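Chemist:
Protein chains: 2
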Amino acid sequence: MKTAAALVIGNELLSGKIADQNLVVLARTLRAAGVLLRRANTILDELDVIAAEVRVLASTHDWLFTSGGVGPTHDDVTIEGVARAFDVPVVTSPILADLLRSHYGERLTEGHLLMARIPEGARLVSGESLVWPVVVMQNVWVLPGVPEIFQAKQPFIRAELTGGTPFVSFAVLTTLDEGQLKPMLDRVVDEHRDVAIGSYPRWSDPEYRTRLTFDGILEDQVRAARDAFAQSLPAGTIVRLE
Amino acid sequence: MKTAAALVIGNELLSGKIADQNLVVLARTLRAAGVLLRRANTILDELDVIAAEVRVLASTHDWLFTSGGVGPTHDDVTIEGVARAFDVPVVTSPILADLLRSHYGERLTEGHLLMARIPEGARLVSGESLVWPVVVMQNVWVLPGVPEIFQAKQPFIRAELTGGTPFVSFAVLTTLDEGQLKPMLDRVVDEHRDVAIGSYPRWSDPEYRTRLTFDGILEDQVRAARDAFAQSLPAGTIVRLE
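Going line by line, the protein sequences match chains A and B.
Start counting the first sequence at 1; every next residue gets the next number (the working numbering).
Start counting the second sequence at 1; every next residue gets the next number (the working numbering).
1. At 9 Å on the CB atoms, spell out the chain B contacts of His-112 (chain A), in chain order.
2. Taking the beta strand (DSSP E) that Thr-60 (chain B) falls in, what are its first and last residues?
3. Would you mind stating whether Ala-58 (chain A) and Val-172 (chain A) have Cβ atoms separated by less than 8 Å?
4. Specify, as a first and last residue, the run of the alpha helix (DSSP H) that Leu-26 (chain B) falls within.
5. Got a sec: is the Cβ-Cβ distance from Leu-14 (chain A) to anything in chain B below 8 Å?
6. When Cβ atoms are compared, which residues of the stretch 217 to 228 of chain A fall closer than 7 Å to chain B?
7. Starting from Thr-78 (chain B), trace the alpha helix (DSSP H) in both directions and tell me its first and last residue.
8. Residue ranges of each beta strand (DSSP E) run of no fewer than 3 residues wholly in the stretch 131 to 183 of chain B, ordered along the chain?
9. Taking Tyr-208 (chain A) as the query, report the chain B residues whose CB atoms sit under 9 Å from its CB, ordered along the chain.
10. Sorted by chain position, which residues of the same chain lie with C-beta nearer than 7 Å to Lys-153 (chain B)'s C-beta, five sequence neighbours on each side aside?
11. Residues of chain B with CB under 9 Å from Gln-151 (chain A), in chain order?
12. With which residues is Tyr-200 (chain B) paired in a DSSP beta bridge?
13. Given that a residue counts as buried once 16 or more other Cβ atoms are within 10 Å of its Cβ, and exposed if not, what is Ile-197 (chain A)?
14. So which residues on chain B does Asp-215 (chain A) lean against when the C-beta distance must stay under 8 Å?
15. Which same chain residues, not among the five before or five after Thr-42 (chain B), have their C-beta less than 6 Å away from its C-beta?
16. Starting from the beta carbon of Val-82 (chain B), find every residue of chain A whose beta carbon is closer than 9 Å, and list them in chain order.
17. Is it the case that the Cβ atoms of Ala-33 (chain B) and Leu-218 (chain B) are separated by a distance below 8 Å?
18. Cα-Cα, which of A:Ala-225, A:His-103, A:Asp-87 is closest to Ile-118 (chain A)?
19. Quick check on DSSP: helix, strand or coil for Leu-13 (chain A)?
20. With a threshold of 8 Å between beta carbons, is Ala-58 (chain B) in contact with chain A?
21. If you follow the alpha helix (DSSP H) that Ile-95 (chain A) is part of, which residue opens it and which one closes it?
22. Check distances from the C-beta atoms of the stretch 65 to 76 of chain A to those of chain B and list, in chain order, the residues that come in under 9 Å.
23. When you compare the CB positions of Thr-237 (chain B) and Leu-176 (chain B), do they come within less than 8 Å of one another, or not?
24. Would a C-beta distance cut-off of 8 Å place Gly-69 (chain A) and Asp-45 (chain A) closer than the cut-off?
25. Please identify the residue among A:Arg-240, A:Arg-202, A:Val-195, A:Glu-207 whose C-alpha is closest to the C-alpha of Arg-223 (chain A).
26. Do we get a CB-CB distance below 8 Å when we pair Ala-196 (chain A) with the residues of chain B?
27. Could you compute how far the alpha carbon of Asp-62 (chain A) sits from the alpha carbon of Val-35 (chain A)?
28. Assuming the contact rule is C-beta atoms closer than 8 Å, Pro-157 (chain B) and Thr-29 (chain B) should be a hit. Round their C-beta distance to whole Å, please.
29. Shorter than 8 Å from the beta carbon of Glu-148 (chain A) to some beta carbon of chain B?
30. Using a Cβ-Cβ cut-off of 7 Å (strictly less than) and excluding sequence neighbours within five positions of Gly-10 (chain B), which residues of its own chain qualify?
31. Where do the N-terminal and C-terminal ends of the beta strand (DSSP E) with Arg-39 (chain A) fall, by residue?
32. So, is the C-beta of Leu-185 (chain A) closer than 8 Å to a C-beta in chain B?
33. Along chain B, which residues have their Cβ under 7 Å away from the Cβ of Ala-40 (chain A)?
34. Between A:Thr-92, A:Pro-166, A:Trp-132, which lies nearest to Phe-150 (chain A) when the distance is taken from Cα to Cα?
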């Protein structure tokens, strides 16, 4: 199975100004593509840290997706960080420069043109519905932090990451708490090693006390684990199967 | 200035089931305490990865805060990971076991009692309003992933992290885009090196196009940077100062 990492870049996320909205979006794209997202590191707008993280994460995962730091201002250092990680210079893409010229026309400034910078050797991924391409340097996708734009790029990731088997996920919602259901859960975990099983307590939810999730690649296997667990619960303690 | 890292643990965050709600809460607590949160690593429920991350992050930051993986089920391996990072065994805390006994009474199971496990040598931080203490192993705070409980623990972090100067944050909202305001911004960035300045474009917001933020420890310094930038903007392009 292919693996991926995310590198989420931005002081605003670590200073409590905003909560990240992009990781869950990327995670769902990768689940549908059958790619295992193994970690997401959130860091500050620091060139040397970005470069070091990209170097490590890109070399230890099949794909790396960065989020944030791609505008024209002083705190946008992701492109330079990715270039440094691959030991290449930052160059101006003629294609992106043309796009900027036709978008801004007479209002174009030198500042705007900085958005045409790419690591040397990067490719541009675009499609009919995408005005602004995605910059991809080897196995590193450089995505913008603005949630609406980050979201808009997802179909292009999905279109390139073919060949994987999508994950499937089932669930059991129960009125038992984790301490009560643990013996039954442990048995199913032991007997269904190929299924990733998670247990999530709810806090003051009137409907159910714990959600058990069953995830994997082979639908029959995942469903069998879910059903085995459900059948092991005492009568009347299951709220719902999903 | 003291530094901190966060370790956010849970398959559910990397499989797209839910978006994390805890990082922004912790970030705000640390800002108010004058502690610089330098990174947040989100990882899977994997014992060896947790142990390795705790070892590195706890030794390179003044504080480490973990979120998630502290219940009694098979996927709750944070306590064991922290213990392994410090090369100590997991032991049962008599204080926590007593709390569980009095809470559950006759309903107490062996599963429930697993929530009394702590790394040997960990201390318990509690207070009048806190029924269940926080486990703190040296400089590592072990916090639960359930957002309501994570939130409830924040005052106890704040009470222990004394001595820092809270960060202050000001902002300018403008109708200029980043390409237009860059020359003025670069000048202020150059002349106010002790102030962290951020630039955040809005996407299809009718009110303003860019938010510039000014963060630091010394209020006068931060305000001066904000005001210098505001004064450098053309008339009629400022929407609001914050």
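Note that the Cβ used here is the ideal one computed from N, Cα and C, for glycine as well.
All values reported here derive from a predicted model rather than from experimental measurement.
Modeler: Let me spell this out:
1. At a C-beta separation below 9 Å, His-112 (chain A) has these neighbours in chain B: Asp-177, Glu-178, Gly-179, Gln-180, Lys-182.
2. Counted as a single uninterrupted DSSP element, the stretch harbouring Thr-60 (chain B) is not any beta strand (DSSP E) but the alpha helix (DSSP H) occupying residues 47 to 60.
3. Result no, Cβ atoms of Ala-58 (chain A) and Val-172 (chain A) do not sit closer than 8 Å.
4. 22 to 32 is the extent of the alpha helix (DSSP H) around Leu-26 (chain B).
5. Interface residue, yes.
6. Contact residues of the stretch 217 to 228 of chain A toward chain B are absent (C-beta to C-beta distance below 7 Å).
7. Where Thr-78 (chain B) is concerned, the enclosing alpha helix (DSSP H) stretches over 78 to 85.
8. For the beta strand (DSSP E) assignment, the uninterrupted runs of no fewer than 3 residues enclosed by the stretch 131 to 183 of chain B are, from N- to C-terminal side, 140 to 143, 168 to 174.
9. Within 9 Å Cβ-Cβ: nothing; Tyr-208 (chain A) doesn't reach chain B, min ~14 Å.
10. The answer, listed in chain order, is Val-134, Leu-143.
11. Residues of chain B whose Cβ lies closer than 9 Å to the Cβ of Gln-151 (chain A) do not exist; the shortest such Cβ separation is about 10 Å.
12. The partner list for Tyr-200 (chain B) (beta bridge, DSSP) reads B:Arg-211.
13. Counting Cβ neighbours within 10 Å, Ile-197 (chain A) comes out buried, since at least 16 surround it.
14. Ordered by position in chain B, the residues that pass the 8 Å Cβ test against Asp-215 (chain A) are Asn-11, Ser-15.
15. The residues are Val-8, Leu-13.
16. Within chain A, no residue comes near Val-82 (chain B); the closest Cβ sits about 18 Å away, beyond 9 Å.
17. Their beta carbons are not under 8 Å apart, which means Ala-33 (chain B) does not touch Leu-218 (chain B) by this criterion.
18. Sorting A:Ala-225, A:His-103, A:Asp-87 by C-alpha distance to the C-alpha of Ile-118 (chain A) places A:Asp-87 at the top.
19. Helix.
20. For Ala-58 (chain B), the answer is no, since every Cβ of chain A falls outside 8 Å of its Cβ.
21. According to the DSSP assignment, Ile-95 (chain A) belongs to the alpha helix (DSSP H) that extends over 94 to 104.
22. Under the 9 Å Cβ criterion, the stretch 65 to 76 of chain A contributes Gly-71, Pro-72, Thr-73, His-74, Asp-75, Asp-76.
23. One thing to note: Thr-237 (chain B) has its Cβ within 8 Å of the Cβ of Leu-176 (chain B).
24. In this structure, Gly-69 (chain A) lies near Asp-45 (chain A), with their beta-carbon atoms less than 8 Å apart.
25. Nearest neighbour of Arg-223 (chain A) by Cα position, chosen from A:Arg-240, A:Arg-202, A:Val-195, A:Glu-207, turns out to be A:Val-195.
26. Yes, its Cβ sits closer than 8 Å to a Cβ of chain B.
27. Each residue's alpha carbon lies about 9 Å from the other.
28. What sits at residue 157 (chain B) in the sequence shown is Ile, not Pro. Distance from Ile-157 (chain B) to Thr-29 (chain B) at the Cβ level is roughly 5 Å; contact confirmed, criterion being Cβ atoms closer than 8 Å.
29. With 8 Å as the cut-off, Glu-148 (chain A) counts as an interface residue toward chain B.
30. Closer than 7 Å at the Cβ level, and outside the excluded window around Gly-10 (chain B), lie Asp-45, Gly-68, Gly-69, Gly-145.
31. Counting along the chain, the unbroken beta strand (DSSP E) around Arg-39 (chain A) starts and ends at 36 to 43.
32. Yes, because at least one Cβ of chain B sits closer than 8 Å to the Cβ of Leu-185 (chain A).
33. Against chain B, the beta carbon of Ala-40 (chain A) has neighbours under 7 Å at Leu-14, Thr-42, listed in chain order.
34. Ranking A:Thr-92, A:Pro-166, A:Trp-132 by Cα distance to Phe-150 (chain A) puts A:Trp-132 first.
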